[in-house]
Amino acid sequence: MKPQPFLRIFVSPAALCALGFLAAMATVLQYSLRAYVPGSLDVGGFTLDNFTALLRPLYARVFLDTVWICFLTAACTLIVAYPVAYALVHAQNRLIKAAILVIAVTPLFLGEVVRTYSWIVVLGNNGFINSVLLKLGLIDRPLQIMFTTFAVVTALVHVTLPVMVIMLAAALAHIDPAYERAAQSLGAGPIRAFLSVTLPLSTPGIIAGVATAFAWTFSAFATPQLIGGGQVNMISNLVYQLGLASFNFPFAASLSVAGLALTFAVLSLLRVAARPLERFGPH
Amino acid sequence: MSSLAAERRLEGHAETLPTSGSDDASVRLLGTCKRFGAVTALEDATISVRRGELMSLLGPSGCGKTTLLNLVAGFLAADSGQIEIDGERVNDIPTYKREIGMMFQNYALFPHMSIAENVGYGLRMRGIAKPDLKRRVAEALALVRLTGVEDRRPHQLSGGQQQRVALARALVISPRVLLLDEPFSALDRNLRASMQIEIKEIQRQLGVTTIFVTHDQGEALSLSDRIAVMFEGRIRQVGTPDEIYRRPADRFVASFVGDVNVLRARLDSVDGGLAAVTLGRARISVSREPLTRVRPGDRVDLFVRPEQVRFAQAGEPIAVEGTVAAHIYQGDHVNLYVDAPEVCASRLLVRSLEPDAITRWPIGARVGVSIVGTGAIAFEAEPDQRGGEPRSG
Chain A
6 MKPQPFLRIF VSPAALCALG FLAAMATVLQ YSLRAYVPGS LDVGGFTLDN FTALLRPLYA
66 RVFLDTVWIC FLTAACTLIV AYPVAYALVH AQNRLIKAAI LVIAVTPLFL GEVVRTYSWI
126 VVLGNNGFIN SVLLKLGLID RPLQIMFTTF AVVTALVHVT LPVMVIMLAA ALAHIDPAYE
186 RAAQSLGAGP IRAFLSVTLP LSTPGIIAGV ATAFAWTFSA FATPQLIGGG QVNMISNLVY
246 QLGLASFNFP FAASLSVAGL ALTFAVLSLL RVAARPLERF GPH
Chain B
26 MSSLAAERRL EGHAETLPTS GSDDASVRLL GTCKRFGAVT ALEDATISVR RGELMSLLGP
86 SGCGKTTLLN LVAGFLAADS GQIEIDGERV NDIPTYKREI GMMFQNYALF PHMSIAENVG
146 YGLRMRGIAK PDLKRRVAEA LALVRLTGVE DRRPHQLSGG QQQRVALARA LVISPRVLLL
206 DEPFSALDRN LRASMQIEIK EIQRQLGVTT IFVTHDQGEA LSLSDRIAVM FEGRIRQVGT
266 PDEIYRRPAD RFVASFVGDV NVLRARLDSV DGGLAAVTLG RARISVSREP LTRVRPGDRV
326 DLFVRPEQVR FAQAGEPIAV EGTVAAHIYQ GDHVNLYVDA PEVCASRLLV RSLEPDAITR
386 WPIGARVGVS IVGTGAIAFE AEPDQRGGEP RSG
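Going down the list, the sequences are from chains A and B. The numbering used here puts the first residue of the first sequence at 6, with every later residue one more than the last. The numbering used here puts the first residue of the second sequence at 26, with every later residue one more than the last.
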């Protein structure tokens, strides 16, 4: 290997950050193994009680809900993002291409709270959707959209869309258009050519996008907090309640650790599932 | 242009089509045009590919040959004119209903499918039942002499094997026309030669009408039944390899296909269909056809192939005098380049089969060159250019 004189200097800031994160992680891990002393911020001795408490239906339910919401979000994002990414890659006109890209990535530039409040304006009882439906006479009283899983997933799809679009577009752009032409020359109509050639060839991008969306949604906090309004709880909200409302730091820590472990588990599962597909990934 | 005028023009084309008759034509283009923005990629192309023939589209890059192929395949839509396959107008028929087989430049084998799945793809799209499909895939792979690889993936095969798979995949659906897009450009030289022979044999054996795009004139000459030479969006000449080589229609065709020397000569006299051209002390008889606007005494450019010139033997009239400038030894022959600046803008290429050519005519030797045979062709001299350059493929 060539000597790289600047390597040490360049790596050191990152190493320092990593060290900081590691220390924080170690602290959280340590907290998760401590006993909770009610009415005190100090913690007791080492115990595994926090983790056994996670199995109680109340908490297990939040875990399952979180996974379900993540799954729904990733699936919906994929369905919305794929056509956008396809159009982005295949648009001939540069202006149209630029417009699609700008619209697709705009959510990245909005602050999380601003974006979430915009959804409240749209979905609320006096919000855009309800007032339009009321004015049109399609409904008699406002639909309850806020504080539902549907509302939370809708807002979360908005957050994950840009990343999904970009990852899918990268995968689609690497697929030689000759494949689709070859399929058509062999008698496949546009839809069959897409389903039998382009779609399977884009699976590495789909898996990467879904994994990212999943991991990203798993740690969502502000969106379920504001739009779920206590009716839809995800792990982060539970951690927040336990940690900052009940000051049960050990239990909040054990929830975080379990959430992290679950994320890793789901991601490695996706990875294993993707392995047979990666061989023929984009060239 | 009004549609009426366009129609009339199409009819005109139909009347002037080759005598082979329309029922013999497998693929026909009538006055087909294709523009990309301000660029005309293909202008007024009229061509008829006969059933079972291998027609190559030959020309430099950007000449419109790939555009023409993509129009026949349906990947592009013609701006005007008509495209027919087996007498049926296909302008508005999408690619997947045209019953064509196409082999792509990089083969475009589906990387996520096995070889058998690749070859069987077209049959699956046609709803062929499994046992029949399996048999036909095996037959197609046997045809291209590739068996035992059914379960492998494309990336596990060599370039030559991939090409065989691509050919089998295109042929297994019994296409009305086979389209080959620069099929040999990705292969190394030795493999290319053997694949060319093989593809030609398979094509002849099946009798499938084939359109073959290439920029390699050697490839076109050796494989084609007929060649369409294209340049700047126009078809310049359509003919058998021999016609293209011996009776080029214009300066471009003459210099693009095969090596050629362009020599400055003078028109001496005309006599019926023949004209006599003087060059040095030689008088060369050429066809009058390309020289209708030239008068005796005017300058003409004489196009002479390297095998039509030789170092003058005793008693032969010397056409060009010059000095030997370079030798290129080629094993079975030697290319000698002769400097003769008054007659030939670039160096005159003489091809000698004599084994001792290099020692007999060393560099710097004064030599006289004579023109043998009757194959030379004269074209009007280009006013602004001092003759063309000999080109080799």
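Positions of the beta carbon are idealized from the N, C-alpha and C atoms, including for glycine. All values reported here derive from a predicted model rather than from experimental measurement.
DSSP three-state call for residue i: helix, strand or coil?
| i | result |
| --- | --- |
| residue 223 of chain A | helix |
| residue 61 of chain B | strand |
| residue 95 of chain A | helix |
| residue 215 of chain B | helix |
| residue 4 of chain A | This structure cannot settle anything about residue 4 of chain A, because the visible part of chain A is limited to 6 through 288. |
| residue 240 of chain B | coil |
| residue 104 of chain B | coil |
| residue 322 of chain B | coil |
| residue 68 of chain B | strand |
| residue 340 of chain B | coil |
| residue 132 of chain B | coil |
| residue 179 of chain A | coil |
| residue 238 of chain A | coil |
| residue 278 of chain A | helix |
| residue 174 of chain B | coil |
| residue 355 of chain B | coil |
| residue 246 of chain A | helix |
| residue 39 of chain A | strand |
| residue 126 of chain B | strand |
Taking the alpha-carbon positions, what's the residue i to residue j distance?
| i | j | result |
| --- | --- | --- |
| residue 143 of chain A | residue 168 of chain A | 36 Å |
| residue 275 of chain B | residue 240 of chain B | 18 Å |
| residue 200 of chain A | residue 223 of chain B | 34 Å |
| residue 150 of chain A | residue 141 of chain A | 18 Å |
| residue 261 of chain A | residue 223 of chain A | 11 Å |
| residue 58 of chain B | residue 265 of chain B | 24 Å |
| residue 43 of chain A | residue 251 of chain A | 9 Å |
| residue 105 of chain A | residue 80 of chain A | 21 Å |
| residue 4 of chain B | residue 178 of chain B | Outside the displayed span of chain B (26 to 418) sits residue 4 of chain B, for which this structure offers no information. |
| residue 395 of chain B | residue 272 of chain B | 21 Å |
| residue 132 of chain A | residue 126 of chain A | 5 Å |
| residue 328 of chain B | residue 404 of chain B | 8 Å |
| residue 173 of chain A | residue 96 of chain A | 15 Å |
| residue 371 of chain B | residue 242 of chain B | 21 Å |
| residue 266 of chain A | residue 68 of chain A | 12 Å |
| residue 59 of chain A | residue 148 of chain B | 56 Å |
| residue 390 of chain B | residue 373 of chain B | 14 Å |
| residue 153 of chain B | residue 186 of chain B | 25 Å |
| residue 227 of chain B | residue 169 of chain B | 8 Å |
| residue 411 of chain B | residue 251 of chain B | Low confidence applies to residue 411 of chain B: its pLDDT is 45, below 50, so where it sits in the model is not reliable, and the reading given next is rough at best. Approximately 32 Å, taken between the alpha carbons. |
| residue 4 of chain A | residue 83 of chain A | For chain A, the structure presents residues 6 to 288; residue 4 of chain A sits outside this window and is missing. |
| residue 116 of chain A | residue 146 of chain A | 32 Å |
| residue 55 of chain B | residue 230 of chain B | 29 Å |
Since I believe residue j is in contact with residue i (beta carbons under 8 Å), could you give me their beta-carbon distance rounded to a whole number of angstroms?
| i | j | result |
| --- | --- | --- |
| residue 110 of chain B | residue 123 of chain B | 6 Å |
| residue 331 of chain B | residue 284 of chain B | 5 Å |
| residue 82 of chain B | residue 67 of chain B | At roughly 11 Å, the Cβ-Cβ gap does not stay under 8 Å, so residue 82 of chain B and residue 67 of chain B are not in contact. |
| residue 90 of chain A | residue 170 of chain A | 5 Å |
| residue 148 of chain A | residue 215 of chain A | Rounded, the Cβ-Cβ distance is 30 Å, inconsistent with contact. |
| residue 194 of chain B | residue 121 of chain B | Wrong, their Cβ atoms sit about 15 Å apart, outside the cutoff. |
| residue 56 of chain A | residue 241 of chain A | Not confirmed; about 18 Å, so no contact. |
| residue 150 of chain B | residue 183 of chain A | About 17 Å separates the two Cβ atoms, so there is no contact after all. |
| residue 161 of chain A | residue 263 of chain A | That pair is no contact at about 21 Å. |
With a 10 Å radius around its C-beta and 16 neighbouring C-beta atoms as the bar for buried, classify residue i as buried or exposed.
| i | result |
| --- | --- |
| residue 186 of chain A | buried |
| residue 280 of chain B | buried |
| residue 22 of chain A | exposed |
| residue 207 of chain B | buried |
| residue 163 of chain A | buried |
| residue 73 of chain A | exposed |
| residue 215 of chain B | exposed |
| residue 99 of chain B | buried |
| residue 377 of chain B | buried |
| residue 78 of chain B | buried |
| residue 402 of chain B | buried |
| residue 30 of chain A | exposed |
Checklist entry - Which of the residues in the stretch 81-114 of chain A, read from start to end, lie with their CB under 9 Å from any CB of chain B? => result Hits within the stretch: zero.
Next on the checklist: Under 9 Å, CB to CB, which of the residues in the stretch 99-114 of chain B have a partner in chain A?
Outcome noted: Here the close residues are 99 and 100.
Checklist entry - Along the stretch 165-183 of chain B, what residues have a CB closer than 8 Å to any CB found in chain A? => result Per Cβ criterion, the list reads 178 and 180.
Checklist entry - Any residues in the stretch 135-150 of chain B with a beta carbon nearer than 7 Å to a beta carbon of chain A? Which ones, in chain order? => result Taking 7 Å as the Cβ-Cβ cut-off against chain A, the residues of the stretch 135-150 of chain B that qualify are 135, 136, 137, 146, 147 and 150.
Item to check | chain B contacts made by the stretch 198-222 of chain A, where a contact means CB separation under 7 Å | outcome: For the stretch 198-222 of chain A, which is checked against every Cβ of chain B, the residues closer than 7 Å are 202, 205 and 206.
Checklist entry - Listed from N- to C-terminal order along the chain, which residues in the stretch 184-200 of chain B have their beta-carbon within a distance smaller than 8 Å of any beta-carbon of chain A? => result For the stretch 184-200 of chain B, which is checked against every Cβ of chain A, the residues closer than 8 Å are 194, 195 and 198.
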